[in-house]
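A.B. asks: Here it is: the structure, laid out below.
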Amino acid sequence: MRILFKKSINLILDYPRWIITGVSVITLVMLVLVNQLKMNFSIEQLFAMNDPAVDRYFEFLDEFEREDNLILLLYECDDPFSYHNLVLNQKLIQKFESIIGVHKVTSLSNLEIFTDGDDELLRPVYPYIPQSTDSLQEAKNRILSSPLVQQTLISNDGSLASIAIELDDVFNNHDLREKIINEIDVKQNTVDWTWHQAGIPILRTRYVQLMVSDTIRFLIPVALMIIFLFTVIFRSLPALIIPMSIIIMVVIWTMGLMAALNIDFNIMTYIIPTLLFIIGIGDSVHFLVKYYGTLAMVKDKREALYQTIEKIGTAIFLTSITTSIGFGSLLRSNILIVRQFGTMTAAGVMFAFILTITFLPAMLMLLKQTPAKKLKSYTVGFRIKLLNRLVKIVRVYPKQIIIFTLVVIVICIFGSFQINPHNSLMDDLKPGTTLYDDMMLAEEKMGSILPLEIIVSIKEFNSSEIGDIKDPEFLRNLDLIQQYVSSIDDVGKMVSMTDYIKEFNRAMNDGNNEFYSIPQTRSAIAQTILIYGDEFNSLVNFDYTKARISGRVKDIDSRRAVEIKNDINNYIMIYMPDYIDIEITGTTFLALATNDHLVHNLTTSFMAAFVLITIVMIILFRSVPITLISIIPNIIPMLAMAAIMGYFDILLRPPTAMTFAVAFGIAVDDTIHFLIRYRMELPALGWHYRDANDKTIMTTGLAMTTTTGILVAGFLILIFSSFRPTADFGLLAASTIFVALIIDLTFLPALLGLIKPKIREDEFLN
């Protein structure tokens, strides 16, 4: 194996032009494939496979109209009920109705409500828009007195009105929905009102747009940060251009592989380019630091490159493997796009390794040798002084370092118990974001804004004589359930077929409010269904075996969602007859459950990554003491991350849960680099543990500080994202990797110096 490795090194150094040509050809092929990469930002991709709750939700969609297809355009004007504003409202409705993909538009000027005294009980409020003040006031009063309109088309205080736009089901996917919303934006802005957009289609579309814009917005700053740091550290144009070229090729290769495997650019894989830009640069840093250090000693470029590949190639390979394991652990997820994200990022990490040990030395072979003066300037400066200081601290205060670290561990453990795993749908957005502010305004003025769906049916086998949902007794129970659900805190307006039946019954009895109730006979109910059944056909299934209570809920977290669900189920169990059966579903509850499921999934993936990386360490070091020593420093950064989340109230959501696996895979890299170098220095320095520590800190520590500096700077840029998951991911990843560096340069050498583990020559892989 070692002979093959040496032959490979000679091949790279003897035929650099062939290596560069081969890499260029592969890059061109991948570039062609990138053009075939498809975009798919459907939120439904996050739904778990083989999940009963997901299956029940799609059964609900098959039987009833969708509950996630309503856009609310809220507008503020001087008076929504004035003649001028009603005319503008009417014109806007016509414009919105002309948009392909819009099924129905409802607002104040085309509203129909039940009216008593005529043969046609359901009539438009405005057959024409009157100009007289009295007529306008009368129409306004009728609208405000209708329970079906309140907190839907007009706020309780009358200051905010809305236009409800219902989308066709076939157009309710990201690409088509985005086109519709873009057209809506153009048409709404033809009227000088203050506009706010809300509803699930808006939330989903703007959410995805924020994610995608983050990729474009932060990729360039990350690249500029890397360029700046490389310029400051290496002060060499080749040392800047070659690593940047490698990272660009890594991204191209990864995106090309995605296209070849028919993996879409989706709401998980969108972050891969930025992630690879940050992570993939580490291999080049370690290579260049080792190369320049070796070149300063041997003076011959080819020999320096040979020794660099020989000595650091294995370390880079192993660190790439551990990082890939961190991402690869996501393969345990039963959510396809999470597995795709893990697989493709792991592939990108390995591409970075391949290009670092082939393309980088091949390019350096063809370039002029770096002058000795530049090499000397690299061995002095702030980082060298810092490392010298660390060497002295580790030598003099090893026990104090261990004790201090143990205290920090206790503090971190305490903080980790304060992590909040319960998050709401809007928690991903920062206040001040247009989407967040609009949705919160809609919640404040219109009540709850997120869908809540309850399906009520008659159990197939029961002892009652209730045959179908048209029975008056069933409808009265349905009405009681609706009233109870509406009374629950955080639940807003709920609507069912009983609202229409009661309105019709009142209208049939000259508007007498005493008749705002369920009729006593099946015939009266049958008459209502015959005449006005089309008005509430979205609230029943086709054969009238199931009724739907449709409404809205506030932006609650997953814990509150479970409480509401339990409240409803308990009410049914205690107060409803045995034949009543319910199913609570809808986008909101499903999304919250999916979030919780995903967090659990990713947490178990982290545990899998931990076990797999431990196995790699055992195989690498062939020593239980060394393996334990290598694992302990990497548990501490994870505890630090958990503590940061607990103390700073960073929610445990899917991106933060994923950070554990990702950051662990990256953080363990420094430990591997340190221990491999330590193992090399120990016999060379006569098995003097302290001397081996000192030499390792001064050599490998230089590369570690450089790599960590670049990684931390890159991740910290992400904290400026208006998208909270991205900002949290950047903060936690940067913090974890920085803590890992501190631990590896202080606690790890202090531990090695105190324990002095017995190491035999054959205990390591050659």
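Each number in the working numbering corresponds to the 1-based position in the sequence shown with 172 added.
Where is the CB? At the ideal position from N, CA and C, for every residue including glycine.
Source: prediction; values computed, not measured.
The beta strand (DSSP E) spanning Met666 covers which residue range?
C.D. replies: If you number the sequence shown from 1, residue 666 lands on position 494. Unbroken beta strand (DSSP E) run through Met666: Val663 to Val667.
A.B. asks: Does DSSP classify Leu242 as helix, strand or coil?
C.D. replies: The count along the sequence shown starts at 1 and reaches residue 242 at position 70. Strand, per DSSP.
A.B. asks: Between the Cα of Ser894 and those of Asp609, Asn713 and Phe253, spot the shortest distance and give me the residue it belongs to.
C.D. replies: By one-based count along the sequence shown, residue 894 stands at place 722. Selected option, being the one with the closest Cα: Asp609.
A.B. asks: Helix, strand or coil for Phe589, going by three-state DSSP, please let me know.
C.D. replies: Position 417 of the sequence shown, counting from 1, holds the residue named residue 589. Phe589 falls in the coil class under three-state DSSP.
A.B. asks: Output needed for Pro797: all residues of its chain with C-beta closer than 8 angstroms, excluding positions within five of it in sequence on either side, in chain order.
C.D. replies: The sequence position of residue 797 within the sequence shown is 625, counting from 1. Correct list, in chain order: Ile927, Pro929 and Lys930.
A.B. asks: Apart from the five residues on each side of it in sequence, which residues of its chain come closer than 8 angstroms, Cβ to Cβ, to Ile790?
C.D. replies: To locate residue 790, count along the sequence shown from 1; it is residue 618. Closer than 8 angstroms at the Cβ level, and outside the excluded window around Ile790, lie Val796 and Thr799.
A.B. asks: Please determine if the region 334-354 and the region 206-219 are in contact, where contact requires at least 3 C-beta pairs separated by less than 8 angstroms.
C.D. replies: yes
A.B. asks: Can you list, in chain order, the residues of its chain whose CB lies under 6 angstroms from that of Tyr743, leaving out five sequence neighbours each side?
C.D. replies: In the sequence shown, the residue the question calls residue 743 occupies position 571. Contacts found: Tyr656.
A.B. asks: Can you give me the C-alpha to C-alpha distance between Val582 and Thr717, rounded to a whole angstrom?
C.D. replies: The sequence position of residue 582 within the sequence shown is 410, counting from 1. The sequence position of residue 717 within the sequence shown is 545, counting from 1. Distance between the alpha carbons of Val582 and Thr717 is about 58 angstroms.
A.B. asks: So, under 8 angstroms CB-CB, Gly514 and Ser501 are touching, yes? Tell me the CB distance rounded to an integer number of Å.
C.D. replies: For the purposes of this step, residue 514 is identified with residue 342 of the sequence shown, where counting begins at 1. For the purposes of this step, residue 501 is identified with residue 329 of the sequence shown, where counting begins at 1. Gly514 to Ser501, Cβ: 7 angstroms. Contact.
A.B. asks: Confirm, please, whether the CB-CB distance from Leu917 to Leu562 is below 8 angstroms.
C.D. replies: As a first step, residue 562 must be located in the sequence shown, where it is residue number 390. As a first step, residue 917 must be located in the sequence shown, where it is residue number 745. In this structure, the beta-carbon distance from Leu562 to Leu917 falls below 8 angstroms.
A.B. asks: Taking 8 angstroms as the limit between beta carbons, can you name the residues of its chain near Thr880, skipping five residues before and five after?
C.D. replies: The count along the sequence shown starts at 1 and reaches residue 880 at position 708. The answer, listed in chain order, is Asp842, Ile909, Phe910, Ala912 and Leu913.
A.B. asks: Per DSSP, Trp367 forms a beta bridge with which residues?
C.D. replies: Within the sequence shown, numbered from 1, the residue matching residue 367 stands at position 195. Answer by DSSP bridge pairing, in chain order: Tyr247.
A.B. asks: Could you check what DSSP says for Asn938 in three-state terms: helix, strand or coil?
C.D. replies: Position 766 of the sequence shown, counted from the start, is the residue given in the question as residue 938. Unreliable positioning characterises Asn938 in this predicted model, as indicated by a pLDDT of 46, which lies under 50. A coordinate reading is not provided.
A.B. asks: Just to confirm before moving on: does the CB-CB distance between Ile184 and Pro533 stay below 8 angstroms?
C.D. replies: Within the sequence shown, the letter at position 12 stands for residue 184. Within the sequence shown, the letter at position 361 stands for residue 533. Yes; because the gap between Cβ atoms is below 8 angstroms, this pair is in contact.
A.B. asks: Return the CA-CA distance between Phe778 and Ile838, expressed in angstroms with no decimal places.
C.D. replies: Here residue 778 corresponds to residue number 606 of the sequence shown, with the count starting at 1. Here residue 838 corresponds to residue number 666 of the sequence shown, with the count starting at 1. Whole-angstrom Cα-Cα distance: 13 angstroms.
A.B. asks: When you compare each of Thr517, Gly886 and Val788 to Ile844 by their alpha carbons, which one comes out closest?
C.D. replies: Counting from one through the sequence shown, the residue named residue 844 turns up at place 672. If we check each option's Cα against that of Ile844, Val788 comes out closest.
A.B. asks: Where does Tyr139 land, buried or exposed, given buried means 16+ other C-beta within 10 angstroms?
C.D. replies: Residue coverage of the chain in this structure runs from 173 to 938, which leaves residue 139 outside it and unanswerable.
A.B. asks: Take the Cβ of Ile388 as the centre, count every other Cβ of all protein chains shown within 10 Å, and call the residue buried at 16 or more, exposed below.
C.D. replies: Position 216 of the sequence shown holds residue 388. Exposed.
A.B. asks: Could you give the DSSP three-state label for Val321: helix, strand or coil?
C.D. replies: As a working mapping, residue 321 is identified with position 149 in the sequence shown. Three-state result, Val321: coil.
A.B. asks: Count the other CB atoms within 10 Å of the CB of Asn865; is the residue buried (16 or more) or exposed (fewer)?
C.D. replies: In the sequence shown, counting from the first residue as 1, residue 865 sits at position 693. Buried, because 16 or more other Cβ atoms sit within 10 Å of the Cβ of Asn865.
A.B. asks: Report back the beta-carbon spacing between Glu707 and Tyr751 to the nearest angstrom; my notes put them in contact at under 8 angstroms.
C.D. replies: For the purposes of this step, residue 707 is taken as residue 535 along the sequence shown, with counting starting at 1. For the purposes of this step, residue 751 is taken as residue 579 along the sequence shown, with counting starting at 1. Contact doesn't hold; Cβ gap of about 27 angstroms is too wide.
A.B. asks: Would you kindly work out how many angstroms separate the C-alpha atoms of Asn938 and Gly194, rounded to a whole number?
C.D. replies: Within the sequence shown, residue 938 is the residue found at index 766, counting from 1. Within the sequence shown, residue 194 is the residue found at index 22, counting from 1. Annotation note: pLDDT 46 at Asn938 (below 50); position unreliable, no value reported.
A.B. asks: Below 8 angstroms on the Cβ atoms is my contact criterion, and I expect Phe489 with Phe437 to pass it. Report the Cβ-Cβ distance as a whole number of Å.
C.D. replies: Mapped onto the sequence shown, residue 489 falls at position 317. Mapped onto the sequence shown, residue 437 falls at position 265. Rounded, the Cβ-Cβ distance is 29 angstroms, inconsistent with contact.
A.B. asks: Helix, strand or coil for Ser254, going by three-state DSSP, please let me know.
C.D. replies: In the sequence shown, the residue the question calls residue 254 occupies position 82. Three-state DSSP puts Ser254 in coil, outside helix and strand.
A.B. asks: Can you name the residues that DSSP bridges to Leu414?
C.D. replies: Working through the sequence shown from its first residue, we reach residue 414 at position 242. Residue 414 is actually Ile in this sequence, not Leu. Under DSSP, Ile414 shares a beta bridge with no residue.
A.B. asks: Between the alpha carbons of Asp662 and Ile915, how many angstroms are there, rounded?
C.D. replies: Locating residue 662 in the sequence shown gives position 490, counting from the first residue. Locating residue 915 in the sequence shown gives position 743, counting from the first residue. Cα-Cα distance, rounded: 46 angstroms.
A.B. asks: With Ala487 and Ile804 assumed to form a contact (beta carbons below 8 angstroms), what rounded beta-carbon distance in angstroms separates them?
C.D. replies: What you label residue 487 is simply residue 315 of the sequence shown in a count that begins at 1. What you label residue 804 is simply residue 632 of the sequence shown in a count that begins at 1. Rounded, the Cβ-Cβ distance is 20 angstroms, inconsistent with contact.
A.B. asks: With C-beta atoms as the reference, is Met611 less than 8 angstroms away from Ala370?
C.D. replies: Counting from 1 along the sequence shown, the entry for residue 611 is found at position 439. Counting from 1 along the sequence shown, the entry for residue 370 is found at position 198. Yes, Cβ-Cβ distance for Met611 and Ala370 is below 8 angstroms.
A.B. asks: What residue does the alpha helix (DSSP H) around Ala864 start on, and which one ends it?
C.D. replies: Here residue 864 is taken as the residue at index 692 of the sequence shown, counted from 1. Tyr861 to Ile889 is the span of the alpha helix (DSSP H), which, as asked, contains Ala864.
A.B. asks: Can the beta-carbon of Arg504 be found closer than 8 angstroms to that of Ala780?
C.D. replies: In the sequence shown, residue 504 corresponds to position 332, counting from 1. In the sequence shown, residue 780 corresponds to position 608, counting from 1. Closer than 8 angstroms, so yes.
A.B. asks: Label Tyr747 either buried or exposed according to how many other C-beta atoms from any shown protein chain fall within 10 Å of its C-beta, with 16 as the threshold for buried.
C.D. replies: Residue numbering aside, residue 747 sits at position 575 when the sequence shown is read from its first letter. Result: exposed.
A.B. asks: Which residue marks the beginning of the beta strand (DSSP E) containing Phe836, and which one marks its end?
C.D. replies: Position 664 of the sequence shown holds residue 836. It is not in any beta strand (DSSP E) - Phe836 instead sits in the alpha helix (DSSP H) that spans Pro826 to Ala856.
A.B. asks: Could you compute how far the alpha carbon of Val363 sits from the alpha carbon of Met202?
C.D. replies: For the purposes of this step, residue 363 is taken as residue 191 along the sequence shown, with counting starting at 1. For the purposes of this step, residue 202 is taken as residue 30 along the sequence shown, with counting starting at 1. Separation of Val363 and Met202 (C-alpha to C-alpha, rounded to the nearest whole angstrom) is 48 angstroms.
A.B. asks: Hey, out of Val457, Asn806 and Leu245, whose CA is closest to Phe941's CA?
C.D. replies: Look at the range of the chain in this structure, 173 to 938, and you will see that residue 941 is not part of it.
A.B. asks: Leaving out five residues on either side along the sequence, give the residues of the same chain with a beta carbon under 8 angstroms from the beta carbon of Asp640.
C.D. replies: In the sequence shown, the residue the question calls residue 640 occupies position 468. Ile630, Phe646, Tyr716 and Thr717.
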